[in-house]
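Chemist:
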Amino acid sequence: MKKRWLAVGLSCGIVLAAVAGISVFQPKEIKADRVYGSGKNLNAYNLSISPAGENMIPSTLEQYNRVSDDSAVNISYTVVYEQNKWFKNDQRTMKLLRFERPFPDDQNEKVQSFYYRLVDESVDVLNEKAAVFTRLYERREAYNNLFDLIPQSIVVPGQKDTKEARQWIQQHNPQFLNLKDHTVIDTAVLDAWKQDGYRQSYSDASPEGLSLKDIIE
């Protein structure tokens, strides 16, 4: 009888150890997504990472208030969070990145259609293992009004500067660097590319050298 109970005990121990091992060793991943809004459910605060609000990330009250208080179209946020790599759950917010741009001073110039301006590239270091590279776009529409500010972010490994992060993305996720259609590139960004020896890939929708003169009616 003692042997039987010993065997049962060993079996239960093995099962518990296996379950604990699965919980401990489930891989984590760090993601960075644009924030589209915020929401509250009872005492739980969330940030929306999809336009329709179907995908929500848990947040702190402070982060919820920051996003809720900034409703101007020249301000935008990216939320950096950790989640279970296998099941895409168990999210934990790590950092909230805020982006702001001045309103354009040439709003009286009518444009043929919407277009984008790539106005900045930046890196925010999270820790010794990861950083966030962001391309910041302005979307302009009729009469050159600023319609939207769009941070396009991706997580890169290690503590990298902008040049190193861009090089890593070229090797591991080059499609991220494709320009949005009808993109005019800011002079400061072009100067940084030249200094870094970076060669951007272009397309028919966003040809090299596209300028505001090609867009203004």
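Per mature numbering (1 follows the signal peptide of the UniProt record, and there is no 0), the sequence shown runs over residues -20 to -1, 1 to 197.
Quick reminder that beta carbons are idealized off the backbone N, C-alpha and C, glycines included.
Given the structure is predicted, the values throughout are model-derived calculations rather than measurements.
Is the Cβ-Cβ distance between D161 and Y117 less than 9 Å?
Modeler: Residue 161 sits at position 181 when you count from the first residue of the sequence shown. Residue 117 sits at position 137 when you count from the first residue of the sequence shown. At a Cβ-Cβ threshold of 9 Å, D161 and Y117 do not count as neighbours.
Chemist: Does DSSP put P82 in a helix, a strand or coil?
Modeler: One-based indexing of the sequence shown puts residue 82 at position 102. Of the three classes helix, strand and coil, the one that applies to P82 here is coil, per DSSP.
Chemist: Examine the Cβ distances between the region 67 to 87 and the region 50 to 59 and report whether three or more of them are shorter than 8 Å.
Modeler: yes
Chemist: Nearest CA to the CA of I130: which residue from F67, L157, L98, P187?
Modeler: Mapped onto the sequence shown, residue 130 falls at position 150. Answer by Cα proximity: L98.
Chemist: Leaving out the 5 sequence neighbours to the left and right, which residues in its chain are closer than 7 Å to N153 when beta-carbon positions are compared?
Modeler: As a first step, residue 153 is located in the sequence shown; it is residue number 173 there, counting from the start. Taken in chain order, the residues that qualify are I134.
Chemist: Should Y44 and Y16 be called a contact, given that it needs their Cβ atoms to be closer than 9 Å?
Modeler: Counting from 1 along the sequence shown, the entry for residue 44 is found at position 64. Counting from 1 along the sequence shown, the entry for residue 16 is found at position 36. The answer is no: Cβ separation not under 9 Å.
Chemist: Can you give the Cα-Cα distance for Q6 and K65, rounded to whole angstroms?
Modeler: As a first step, residue 6 must be located in the sequence shown, where it is residue number 26. As a first step, residue 65 must be located in the sequence shown, where it is residue number 85. So the alpha carbons of these two residues sit roughly 8 Å apart.
Chemist: Out of R46, S18, S191, V47, which has the shortest C-alpha to C-alpha gap to E34?
Modeler: Working through the sequence shown from its first residue, we reach residue 34 at position 54. The shortest C-alpha separation from E34 is found at S18.
Chemist: Smallest Cα separation from M36: which of D176, L159, A145, K68?
Modeler: To locate residue 36, count along the sequence shown from 1; it is residue 56. Among D176, L159, A145, K68, the Cα nearest to that of M36 belongs to K68.
Chemist: Exposed or buried, which one is T163 when buried takes at least 16 other CB atoms within 10 Å?
Modeler: By 1-based counting over the sequence shown, the position of residue 163 is 183. T163 is buried by the Cβ-count criterion.
Chemist: Thinking just about the alpha-carbon of each residue, which of W173, R119, D166 is nearest to the one in T142?
Modeler: For the purposes of this step, residue 142 is taken as the residue at position 162 of the sequence shown. With distances taken between Cα atoms, T142 lies closest to W173.
Chemist: Going by the DSSP bridge assignment, what does Y95 pair with across the sheet?
Modeler: Stepping through the sequence shown from its first residue, residue 95 is reached at position 115. According to DSSP, which records beta bridges pairwise, Y95 is partnered with R120.
Chemist: In three-state DSSP terms, what is T114?
Modeler: As a position in the sequence shown, residue 114 is number 134, starting the count at 1. Strand.
Chemist: Pick out the complete beta strand (DSSP E) segments inside the region 19 to 55, 3 residues or longer, and give them in chain order.
Modeler: Runs found: 24 to 28, 36 to 39.
Chemist: So, are the CB atoms of A52 and D100 less than 9 Å apart?
Modeler: As a first step, residue 52 is located in the sequence shown; it is residue number 72 there, counting from the start. As a first step, residue 100 is located in the sequence shown; it is residue number 120 there, counting from the start. No; because the gap between Cβ atoms is not below 9 Å, this pair is not in contact.
Chemist: With a threshold of 16 other CB atoms inside 10 Å of the CB of I196, please say whether the residue is buried or exposed.
Modeler: Reading the sequence shown from its first residue, position 216 is the one you call residue 196. It counts as exposed.
Chemist: Is R115 close to chain C, meaning its C-beta is less than 9 Å from at least one C-beta of that chain?
Modeler: Structure shown: chain C not included; a single protein chain is present.
Chemist: Is the Cβ-Cβ distance between L157 and R120 less than 9 Å?
Modeler: Residue numbering aside, residue 157 sits at position 177 when the sequence shown is read from its first letter. Residue numbering aside, residue 120 sits at position 140 when the sequence shown is read from its first letter. Cβ distance not < 9 Å, so L157 and R120 don't count as in contact.
Chemist: Could you tell me the alpha carbon to alpha carbon distance between D171 and P82, rounded to whole angstroms?
Modeler: Stepping through the sequence shown from its first residue, residue 171 is reached at position 191. Stepping through the sequence shown from its first residue, residue 82 is reached at position 102. Going from the Cα of D171 to the Cα of P82 covers about 20 Å.
Chemist: So, under 8 Å CB-CB, A145 and I10 are touching, yes? Tell me the CB distance rounded to an integer number of Å.
Modeler: Looking up residue 145 in the sequence shown gives position 165. Looking up residue 10 in the sequence shown gives position 30. The Cβ separation is near 14 Å, so there is no contact.
Chemist: Candidates Y178, P187, K90: which alpha carbon is nearest W148's?
Modeler: Residue mapping note: residue 148 aligns to position 168 of the sequence shown, counting from 1. Among Y178, P187, K90, the Cα nearest to that of W148 belongs to Y178.
Chemist: Which two residues bound the contiguous beta strand (DSSP E) that contains D128?
Modeler: Here residue 128 corresponds to residue number 148 of the sequence shown, with the count starting at 1. From DSSP, the beta strand (DSSP E) with D128 extends over 126 to 137.
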